[in-house]
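Encoded as C-alpha coordinates, the structure appears first; notes follow it.
In the working numbering, the protein residues as written are 609 to 1028.
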(Lines of atoms letter the chains of each structure in order from A and count residues from 1; the text may use other names and numbers.)
(Lines give C-alpha, C1' and ligand atoms only; values in the text may rest on other atoms or scores of the structure.)
Protein backbone atom coordinates (compact mmCIF):
# COMPACT_ATOMS: atom_id res chain seq x y z
CA UNK A 1 0.00 0.00 0.00
CA UNK A 2 2.82 2.36 0.86
CA UNK A 3 4.49 1.55 -2.45
CA UNK A 4 1.41 2.47 -4.52
CA UNK A 5 0.84 5.63 -2.47
CA UNK A 6 4.45 6.65 -3.05
CA UNK A 7 4.07 6.12 -6.80
CA UNK A 8 0.92 8.25 -6.89
CA UNK A 9 2.63 11.04 -5.03
CA UNK A 10 5.62 10.89 -7.40
CA UNK A 11 3.40 10.98 -10.51
CA UNK A 12 1.37 13.92 -9.16
CA UNK A 13 4.53 15.80 -8.27
CA UNK A 14 5.93 15.35 -11.79
CA UNK A 15 2.63 16.45 -13.38
CA UNK A 16 2.42 19.52 -11.13
CA UNK A 17 6.00 20.51 -11.88
CA UNK A 18 5.42 20.16 -15.61
CA UNK A 19 2.21 22.19 -15.53
CA UNK A 20 3.85 24.91 -13.45
CA UNK A 21 6.71 25.19 -15.89
CA UNK A 22 4.29 25.44 -18.79
CA UNK A 23 2.32 28.20 -17.03
CA UNK A 24 5.43 30.19 -16.13
CA UNK A 25 6.75 30.04 -19.70
CA UNK A 26 3.44 31.27 -21.18
CA UNK A 27 3.70 34.81 -22.53
CA UNK A 28 0.90 37.34 -22.61
CA UNK A 29 0.95 39.31 -25.83
CA UNK A 30 -2.36 41.18 -25.72
CA UNK A 31 -1.61 43.48 -22.78
CA UNK A 32 -0.13 46.87 -23.62
CA UNK A 33 2.38 48.60 -21.37
CA UNK A 34 3.32 52.25 -21.09
CA UNK A 35 5.95 51.62 -23.72
CA UNK A 36 3.14 51.70 -26.26
CA UNK A 37 2.85 55.44 -25.59
CA UNK A 38 6.40 55.85 -26.85
CA UNK A 39 5.11 55.05 -30.34
CA UNK A 40 3.29 57.29 -32.77
CA UNK A 41 0.21 55.03 -32.92
CA UNK A 42 0.23 54.70 -29.14
CA UNK A 43 0.06 58.47 -28.71
CA UNK A 44 -2.72 58.71 -31.28
CA UNK A 45 -4.73 56.08 -29.39
CA UNK A 46 -3.97 57.86 -26.11
CA UNK A 47 -5.49 61.07 -27.45
CA UNK A 48 -8.59 59.16 -28.51
CA UNK A 49 -8.84 57.57 -25.06
CA UNK A 50 -8.80 61.04 -23.48
CA UNK A 51 -12.19 61.68 -25.08
CA UNK A 52 -13.69 58.53 -23.58
CA UNK A 53 -14.36 60.02 -20.14
CA UNK A 54 -16.79 62.54 -21.68
CA UNK A 55 -19.17 59.56 -21.69
CA UNK A 56 -19.42 59.50 -17.89
CA UNK A 57 -22.36 61.91 -17.90
CA UNK A 58 -24.44 59.44 -19.92
CA UNK A 59 -23.25 56.03 -18.77
CA UNK A 60 -25.69 55.15 -16.00
CA UNK A 61 -28.21 56.69 -13.64
CA UNK A 62 -25.84 59.48 -12.63
CA UNK A 63 -26.97 60.94 -15.96
CA UNK A 64 -30.09 62.37 -14.35
CA UNK A 65 -29.15 62.23 -10.67
CA UNK A 66 -26.24 64.66 -11.08
CA UNK A 67 -27.47 66.75 -14.02
CA UNK A 68 -31.29 66.82 -14.01
CA UNK A 69 -32.45 66.36 -10.44
CA UNK A 70 -32.59 69.46 -8.29
CA UNK A 71 -33.08 71.93 -11.15
CA UNK A 72 -36.05 73.92 -12.42
CA UNK A 73 -37.12 71.77 -15.35
CA UNK A 74 -37.33 68.23 -13.92
CA UNK A 75 -38.27 66.43 -10.73
CA UNK A 76 -38.69 62.82 -9.62
CA UNK A 77 -40.91 60.52 -11.66
CA UNK A 78 -42.98 57.61 -10.34
CA UNK A 79 -40.15 55.07 -10.43
CA UNK A 80 -37.39 57.23 -9.08
CA UNK A 81 -34.05 56.41 -7.55
CA UNK A 82 -31.53 58.64 -5.80
CA UNK A 83 -34.13 61.28 -4.96
CA UNK A 84 -31.77 62.86 -2.42
CA UNK A 85 -30.12 64.58 -5.36
CA UNK A 86 -33.48 66.21 -6.02
CA UNK A 87 -34.35 67.00 -2.39
CA UNK A 88 -30.86 68.00 -1.20
CA UNK A 89 -31.50 66.20 2.09
CA UNK A 90 -29.09 64.63 4.58
CA UNK A 91 -28.61 61.53 2.44
CA UNK A 92 -26.69 63.60 -0.12
CA UNK A 93 -23.05 63.16 0.85
CA UNK A 94 -19.79 62.45 -0.97
CA UNK A 95 -19.15 59.30 1.07
CA UNK A 96 -21.88 57.44 -0.81
CA UNK A 97 -23.41 56.06 2.38
CA UNK A 98 -26.71 55.53 0.58
CA UNK A 99 -25.21 52.82 -1.60
CA UNK A 100 -24.30 55.00 -4.58
CA UNK A 101 -20.98 56.71 -5.21
CA UNK A 102 -21.89 59.16 -7.94
CA UNK A 103 -20.07 62.15 -6.47
CA UNK A 104 -16.84 60.23 -5.99
CA UNK A 105 -17.39 58.65 -9.42
CA UNK A 106 -17.65 62.14 -10.90
CA UNK A 107 -14.34 62.99 -9.27
CA UNK A 108 -12.62 59.80 -10.44
CA UNK A 109 -13.92 59.91 -14.01
CA UNK A 110 -12.80 63.46 -14.64
CA UNK A 111 -9.40 63.00 -13.02
CA UNK A 112 -8.98 59.84 -15.08
CA UNK A 113 -9.57 61.97 -18.16
CA UNK A 114 -7.18 64.65 -16.89
CA UNK A 115 -4.43 62.08 -16.34
CA UNK A 116 -4.81 60.79 -19.88
CA UNK A 117 -4.53 64.36 -21.13
CA UNK A 118 -1.42 65.00 -19.05
CA UNK A 119 0.28 61.85 -20.31
CA UNK A 120 -0.52 62.76 -23.90
CA UNK A 121 0.77 66.30 -23.45
CA UNK A 122 4.05 64.85 -22.17
CA UNK A 123 4.45 62.31 -24.95
CA UNK A 124 3.40 64.28 -28.07
CA UNK A 125 6.47 66.59 -28.15
CA UNK A 126 9.01 63.76 -27.83
CA UNK A 127 7.60 60.73 -29.68
CA UNK A 128 9.11 60.29 -33.18
CA UNK A 129 6.53 60.87 -35.89
CA UNK A 130 6.35 59.47 -39.41
CA UNK A 131 2.69 59.71 -40.38
CA UNK A 132 0.33 60.77 -37.58
CA UNK A 133 2.70 63.20 -35.88
CA UNK A 134 4.97 63.97 -38.81
CA UNK A 135 4.40 67.74 -38.87
CA UNK A 136 4.41 70.51 -36.32
CA UNK A 137 0.76 71.26 -37.16
CA UNK A 138 -0.30 67.67 -36.45
CA UNK A 139 1.35 67.80 -33.05
CA UNK A 140 -0.17 71.21 -32.38
CA UNK A 141 -3.67 69.93 -33.12
CA UNK A 142 -3.37 66.94 -30.82
CA UNK A 143 -1.89 69.10 -28.05
CA UNK A 144 -4.77 71.55 -28.45
CA UNK A 145 -7.33 68.73 -28.27
CA UNK A 146 -5.86 67.56 -24.98
CA UNK A 147 -5.76 71.08 -23.57
CA UNK A 148 -9.43 71.46 -24.52
CA UNK A 149 -10.35 68.19 -22.83
CA UNK A 150 -8.32 68.95 -19.71
CA UNK A 151 -10.03 72.33 -19.41
CA UNK A 152 -13.39 70.66 -19.96
CA UNK A 153 -12.77 68.07 -17.21
CA UNK A 154 -11.57 70.67 -14.70
CA UNK A 155 -14.60 72.81 -15.54
CA UNK A 156 -16.89 69.88 -14.72
CA UNK A 157 -15.16 69.40 -11.40
CA UNK A 158 -14.89 73.01 -10.19
CA UNK A 159 -18.62 73.55 -10.55
CA UNK A 160 -19.30 70.65 -8.19
CA UNK A 161 -16.36 70.68 -5.76
CA UNK A 162 -14.95 74.20 -5.81
CA UNK A 163 -11.17 74.48 -5.53
CA UNK A 164 -9.31 71.43 -6.79
CA UNK A 165 -5.92 69.75 -6.72
CA UNK A 166 -4.44 70.89 -10.03
CA UNK A 167 -2.24 68.31 -11.71
CA UNK A 168 -0.52 68.97 -15.03
CA UNK A 169 1.78 65.94 -15.03
CA UNK A 170 0.83 62.29 -15.41
CA UNK A 171 0.68 59.88 -12.48
CA UNK A 172 3.57 57.44 -12.28
CA UNK A 173 2.86 55.82 -8.95
CA UNK A 174 0.76 55.92 -5.80
CA UNK A 175 0.31 59.40 -4.40
CA UNK A 176 -1.81 60.00 -1.31
CA UNK A 177 -1.59 63.74 -0.70
CA UNK A 178 -2.55 66.63 -2.97
CA UNK A 179 -2.66 70.33 -2.20
CA UNK A 180 -6.02 71.90 -2.95
CA UNK A 181 -5.87 75.01 -5.10
CA UNK A 182 -8.28 77.88 -4.71
CA UNK A 183 -11.33 78.30 -6.93
CA UNK A 184 -9.62 81.33 -8.49
CA UNK A 185 -6.52 79.35 -9.40
CA UNK A 186 -8.66 76.52 -10.74
CA UNK A 187 -10.44 78.90 -13.11
CA UNK A 188 -7.09 80.28 -14.23
CA UNK A 189 -6.09 76.74 -15.20
CA UNK A 190 -9.38 76.13 -17.02
CA UNK A 191 -9.29 79.39 -18.93
CA UNK A 192 -5.62 78.91 -19.81
CA UNK A 193 -6.28 75.46 -21.25
CA UNK A 194 -9.35 76.56 -23.20
CA UNK A 195 -7.67 79.70 -24.56
CA UNK A 196 -4.76 77.68 -25.89
CA UNK A 197 -7.25 75.27 -27.48
CA UNK A 198 -9.31 78.10 -28.99
CA UNK A 199 -6.17 79.68 -30.47
CA UNK A 200 -4.78 76.42 -31.89
CA UNK A 201 -7.61 74.12 -32.92
CA UNK A 202 -8.69 73.96 -36.52
CA UNK A 203 -12.23 75.14 -37.35
CA UNK A 204 -13.12 71.76 -38.84
CA UNK A 205 -12.12 68.13 -38.41
CA UNK A 206 -12.35 65.12 -40.68
CA UNK A 207 -13.32 62.89 -37.74
CA UNK A 208 -16.64 63.83 -36.17
CA UNK A 209 -16.39 64.12 -32.39
CA UNK A 210 -12.96 65.73 -32.15
CA UNK A 211 -12.75 69.18 -30.60
CA UNK A 212 -12.85 72.22 -32.88
CA UNK A 213 -12.14 75.91 -32.47
CA UNK A 214 -15.85 76.68 -32.03
CA UNK A 215 -16.22 74.06 -29.29
CA UNK A 216 -13.27 75.54 -27.39
CA UNK A 217 -14.65 79.08 -27.74
CA UNK A 218 -18.06 77.90 -26.55
CA UNK A 219 -16.69 76.42 -23.33
CA UNK A 220 -14.33 79.35 -22.88
CA UNK A 221 -17.37 81.66 -22.98
CA UNK A 222 -19.09 79.45 -20.39
CA UNK A 223 -16.02 79.50 -18.14
CA UNK A 224 -15.82 83.30 -18.24
CA UNK A 225 -19.57 83.56 -17.66
CA UNK A 226 -19.49 81.15 -14.71
CA UNK A 227 -16.50 82.83 -13.11
CA UNK A 228 -17.77 86.35 -13.71
CA UNK A 229 -21.32 85.70 -12.46
CA UNK A 230 -20.18 85.10 -8.87
CA UNK A 231 -21.49 87.66 -6.38
CA UNK A 232 -20.31 86.66 -2.91
CA UNK A 233 -18.10 83.70 -3.82
CA UNK A 234 -14.53 84.46 -4.80
CA UNK A 235 -13.80 82.77 -8.11
CA UNK A 236 -11.12 85.18 -9.22
CA UNK A 237 -13.69 87.06 -11.28
CA UNK A 238 -12.58 90.13 -13.21
CA UNK A 239 -14.54 93.14 -14.50
CA UNK A 240 -13.83 91.97 -18.06
CA UNK A 241 -15.24 88.46 -17.64
CA UNK A 242 -18.68 89.26 -19.04
CA UNK A 243 -17.16 91.04 -22.03
CA UNK A 244 -14.92 88.03 -22.63
CA UNK A 245 -17.88 85.66 -22.38
CA UNK A 246 -19.83 87.74 -24.90
CA UNK A 247 -16.84 88.00 -27.23
CA UNK A 248 -16.16 84.26 -27.47
CA UNK A 249 -19.84 83.39 -27.68
CA UNK A 250 -20.26 85.87 -30.52
CA UNK A 251 -17.33 84.31 -32.39
CA UNK A 252 -19.28 81.07 -32.48
CA UNK A 253 -22.73 82.57 -33.12
CA UNK A 254 -21.60 84.76 -36.01
CA UNK A 255 -19.47 82.05 -37.59
CA UNK A 256 -16.13 83.77 -37.09
CA UNK A 257 -14.89 80.64 -35.27
CA UNK A 258 -15.52 78.66 -38.44
CA UNK A 259 -16.88 75.16 -38.83
CA UNK A 260 -20.19 76.24 -40.32
CA UNK A 261 -22.08 75.91 -37.05
CA UNK A 262 -25.60 77.34 -37.27
CA UNK A 263 -28.93 76.87 -35.53
CA UNK A 264 -31.08 74.18 -37.10
CA UNK A 265 -33.54 75.57 -39.63
CA UNK A 266 -36.25 73.44 -38.01
CA UNK A 267 -35.98 72.55 -34.32
CA UNK A 268 -37.35 69.15 -35.26
CA UNK A 269 -34.16 68.40 -37.18
CA UNK A 270 -32.35 67.86 -33.87
CA UNK A 271 -34.57 64.86 -33.08
CA UNK A 272 -35.00 63.30 -36.51
CA UNK A 273 -35.23 59.54 -36.48
CA UNK A 274 -37.63 59.29 -33.54
CA UNK A 275 -40.77 60.63 -35.23
CA UNK A 276 -43.29 58.23 -36.82
CA UNK A 277 -42.77 59.76 -40.24
CA UNK A 278 -39.10 58.76 -40.05
CA UNK A 279 -40.24 55.13 -40.30
CA UNK A 280 -40.88 54.31 -43.97
CA UNK A 281 -43.18 51.38 -43.07
CA UNK A 282 -45.55 53.49 -40.95
CA UNK A 283 -49.11 53.71 -42.31
CA UNK A 284 -51.60 56.02 -40.63
CA UNK A 285 -54.92 54.16 -40.23
CA UNK A 286 -58.20 55.34 -41.65
CA UNK A 287 -61.22 55.58 -39.36
CA UNK A 288 -62.40 52.17 -38.25
CA UNK A 289 -59.39 50.37 -39.71
CA UNK A 290 -55.79 49.60 -38.81
CA UNK A 291 -52.63 50.78 -40.49
CA UNK A 292 -49.04 49.86 -39.63
CA UNK A 293 -47.35 50.97 -36.41
CA UNK A 294 -43.95 52.73 -36.48
CA UNK A 295 -41.33 50.01 -36.15
CA UNK A 296 -37.90 50.15 -34.57
CA UNK A 297 -35.14 49.20 -34.91
CA UNK A 298 -35.39 50.48 -38.42
CA UNK A 299 -32.32 50.99 -40.57
CA UNK A 300 -33.64 54.12 -42.23
CA UNK A 301 -34.77 55.72 -38.95
CA UNK A 302 -31.47 54.74 -37.28
CA UNK A 303 -29.46 56.39 -40.04
CA UNK A 304 -31.66 59.47 -39.83
CA UNK A 305 -31.12 59.65 -36.07
CA UNK A 306 -27.33 59.35 -36.42
CA UNK A 307 -27.32 62.16 -38.97
CA UNK A 308 -29.48 64.32 -36.67
CA UNK A 309 -26.90 63.91 -33.94
CA UNK A 310 -24.35 65.43 -36.32
CA UNK A 311 -26.48 68.52 -36.93
CA UNK A 312 -24.42 71.70 -37.39
CA UNK A 313 -26.08 73.16 -34.30
CA UNK A 314 -24.13 70.67 -32.15
CA UNK A 315 -20.69 72.02 -31.22
CA UNK A 316 -19.37 69.07 -29.22
CA UNK A 317 -20.79 65.73 -28.12
CA UNK A 318 -19.70 62.53 -26.40
CA UNK A 319 -19.29 59.75 -28.94
CA UNK A 320 -20.93 56.32 -28.81
CA UNK A 321 -21.35 53.44 -31.20
CA UNK A 322 -23.45 50.29 -31.56
CA UNK A 323 -20.71 47.87 -30.48
CA UNK A 324 -21.67 46.50 -27.02
CA UNK A 325 -18.07 45.63 -26.14
CA UNK A 326 -17.08 49.29 -26.49
CA UNK A 327 -19.98 51.01 -24.74
CA UNK A 328 -19.28 50.31 -21.09
CA UNK A 329 -21.74 48.77 -18.66
CA UNK A 330 -25.00 49.70 -20.35
CA UNK A 331 -24.10 52.20 -23.04
CA UNK A 332 -25.94 55.49 -23.29
CA UNK A 333 -29.31 54.98 -21.56
CA UNK A 334 -30.18 58.61 -20.98
CA UNK A 335 -33.18 58.53 -23.30
CA UNK A 336 -34.81 55.82 -21.17
CA UNK A 337 -35.06 57.88 -18.00
CA UNK A 338 -37.53 60.48 -19.28
CA UNK A 339 -40.30 58.28 -20.72
CA UNK A 340 -43.71 57.79 -19.11
CA UNK A 341 -45.73 54.60 -18.64
CA UNK A 342 -47.68 53.63 -21.74
CA UNK A 343 -47.68 49.84 -21.96
CA UNK A 344 -50.19 48.79 -19.28
CA UNK A 345 -53.26 46.75 -20.32
CA UNK A 346 -52.30 46.57 -24.02
CA UNK A 347 -55.43 44.66 -25.04
CA UNK A 348 -57.56 47.51 -23.72
CA UNK A 349 -55.58 50.54 -24.82
CA UNK A 350 -53.91 49.09 -27.91
CA UNK A 351 -50.35 49.93 -26.92
CA UNK A 352 -47.63 47.60 -25.70
CA UNK A 353 -43.96 48.26 -25.08
CA UNK A 354 -41.82 48.38 -28.18
CA UNK A 355 -38.50 49.88 -29.23
CA UNK A 356 -40.11 52.86 -30.95
CA UNK A 357 -42.08 53.74 -27.83
CA UNK A 358 -39.00 53.33 -25.70
CA UNK A 359 -38.27 51.68 -22.39
CA UNK A 360 -40.09 53.78 -19.78
CA UNK A 361 -37.81 53.88 -16.73
CA UNK A 362 -39.79 56.93 -15.53
CA UNK A 363 -37.05 58.38 -13.34
CA UNK A 364 -38.00 61.96 -14.12
CA UNK A 365 -40.95 64.09 -15.09
CA UNK A 366 -41.09 67.71 -16.23
CA UNK A 367 -42.04 70.29 -13.63
CA UNK A 368 -44.96 72.66 -14.01
CA UNK A 369 -42.43 75.35 -14.83
CA UNK A 370 -41.02 73.31 -17.72
CA UNK A 371 -44.49 72.63 -19.10
CA UNK A 372 -45.73 76.20 -18.73
CA UNK A 373 -42.73 78.04 -20.13
CA UNK A 374 -43.76 77.26 -23.72
CA UNK A 375 -46.25 79.38 -25.63
CA UNK A 376 -47.94 76.34 -27.11
CA UNK A 377 -50.00 78.38 -29.52
CA UNK A 378 -47.04 80.10 -31.18
CA UNK A 379 -44.01 78.02 -30.18
CA UNK A 380 -43.86 74.64 -31.91
CA UNK A 381 -40.80 73.50 -29.94
CA UNK A 382 -42.99 72.00 -27.22
CA UNK A 383 -44.57 69.54 -29.65
CA UNK A 384 -41.23 68.79 -31.31
CA UNK A 385 -39.41 68.17 -28.04
CA UNK A 386 -41.97 66.31 -25.91
CA UNK A 387 -43.66 63.05 -26.81
CA UNK A 388 -47.38 63.79 -26.50
CA UNK A 389 -48.80 60.60 -28.03
CA UNK A 390 -48.04 56.89 -28.34
CA UNK A 391 -49.09 55.01 -31.44
CA UNK A 392 -51.21 51.88 -31.21
CA UNK A 393 -49.25 48.75 -32.05
CA UNK A 394 -51.64 45.92 -31.01
CA UNK A 395 -55.33 45.30 -31.48
CA UNK A 396 -57.48 46.66 -28.66
CA UNK A 397 -60.92 45.54 -27.48
CA UNK A 398 -62.26 48.41 -25.40
CA UNK A 399 -62.69 51.29 -27.82
CA UNK A 400 -65.26 50.19 -30.39
CA UNK A 401 -67.95 52.17 -32.12
CA UNK A 402 -71.51 51.63 -30.91
CA UNK A 403 -74.80 52.63 -32.44
CA UNK A 404 -74.79 55.64 -30.13
CA UNK A 405 -71.44 57.08 -31.22
CA UNK A 406 -70.71 55.67 -34.67
CA UNK A 407 -70.44 58.36 -37.38
CA UNK A 408 -72.18 55.93 -39.72
CA UNK A 409 -73.98 52.60 -39.09
CA UNK A 410 -71.29 50.80 -41.07
CA UNK A 411 -68.76 51.68 -38.34
CA UNK A 412 -70.64 49.91 -35.52
CA UNK A 413 -68.35 47.31 -33.93
CA UNK A 414 -65.22 48.67 -35.61
CA UNK A 415 -62.24 50.05 -33.73
CA UNK A 416 -62.37 53.72 -32.80
CA UNK A 417 -58.62 53.88 -33.32
CA UNK A 418 -56.52 51.43 -35.22
CA UNK A 419 -52.94 50.25 -35.19
CA UNK A 420 -50.65 52.96 -36.42
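Just so you know, even glycine gets a beta-carbon here, dropped at the ideal spot from N, CA and C.
- Residue environment: residue 758 is assigned as buried (16 or more neighbouring CB atoms within 10 Å of its CB, all protein chains considered).
- In the three-state scheme derived from DSSP, where H, G and I count as helix and E and B as strand, residue 739 is classed as coil.
- Judged by their CB atoms, residue 789 and residue 800 are not nearer to each other than the 7 Å cut-off.
- In the DSSP annotation of this structure, the continuous segment of the alpha helix (DSSP H) that includes residue 760 starts and ends at 744-769.
- Annotated as proximal: residue 690 and residue 673, with beta-carbon spacing under 7 Å.
- 804 is the residue among 942, 773, 804 whose C-alpha sits nearest the C-alpha of residue 751.
- If you ignore the 5 residues before and after residue 903, its C-beta comes within less than 7 Å of the C-beta of 887, 889, 964, all in its own chain and listed in chain order.
- Residue 791 carries a helical assignment under DSSP once its states are collapsed to helix, strand and coil.
- In the structure shown, residue 773 adopts coil according to DSSP, grouped into three states.
- Between the segment 813-830 and the segment 864-873 there are three or more inter-stretch CB-CB distances shorter than 8 Å, so the stretches are counted as touching.
- Under the Cβ criterion (8 Å, minimum of three pairs), the segment 725-733 counts as touching the segment 645-655.
- Looking at 1016, 1003, 1007, the one whose alpha-carbon comes closest to that of residue 1028 is 1003.
- Pairwise C-beta distances place the segment 770-785 out of contact with the segment 824-840, as fewer than three of them are shorter than 8 Å.
- Around residue 843, the same chain offers 791, 792, 795, 835 as residues with beta carbons nearer than 7 Å, after the five sequence neighbours per side are excluded.
- For residue 900, same chain residues with a beta-carbon under 8 Å away, outside a window of 5 residues either side, are 889, 890, 891, 1027, 1028 in chain order.
- Distance from the CA atom of residue 693 to the CA atom of residue 652, rounded to whole angstroms, is 38 Å.
- Around the beta carbon of residue 1023, a 10 Å sphere encloses 16 or more other beta carbons of the protein chains shown; the residue is thus reported as buried.
- The C-beta distance from residue 992 to residue 875 rounds to 5 Å, short enough to meet the 8 Å contact threshold.
- Residue 943 and residue 1016 have their C-alpha atoms roughly 42 Å apart.
- Beta-carbon to beta-carbon, residue 841 and residue 872 are separated by about 36 Å, too far to satisfy the 8 Å threshold.
- When only Cα atoms are considered, residue 848 and residue 856 end up about 12 Å apart.
- A residue is called buried once 16 or more other Cβ atoms fall within 10 Å of its Cβ, and residue 948, having fewer, is exposed.
- A direct Cα-Cα distance of roughly 20 Å separates residue 976 from residue 696.
- For residue 654, the enclosing alpha helix (DSSP H) stretches over residues 648-660.
- Shown here, residue 892 sits in coil according to DSSP, grouped into three states, outside any helix or strand.
- Rounded to whole angstroms, the separation of the alpha carbons of residue 720 and residue 727 is 11 Å.
- With at least 16 other beta carbons inside 10 angstroms of its own, residue 718 counts as buried.
- Setting aside the 5 residues that flank it on each side, residue 1008 is surrounded in the same chain by 1021, 1022, 1023, 1024, each with a C-beta closer than 8 Å to its C-beta; the list follows chain order.
- Residue 838 holds the alpha-carbon nearest to the alpha-carbon of residue 767 among 700, 838, 783.
- Restricting attention to 923, 924, 938, the CA atom closest to the CA of residue 930 is found in 938.
- A direct Cα-to-Cα measurement between residue 742 and residue 735 gives close to 10 Å.
- When only Cα atoms are considered, residue 685 and residue 912 end up about 30 Å apart.
- Unbroken beta strand (DSSP E) stretches of 3 residues or longer found wholly inside the segment 666-736: 682-684, given in chain order.
- Note that the C-beta distance between residue 756 and residue 819 is below 7 Å.
- At the C-beta level, residue 982 and residue 969 stay beyond 7 Å of one another.
- Here residue 853 is buried. Its C-beta has 16 or more other C-beta atoms within 10 Å.
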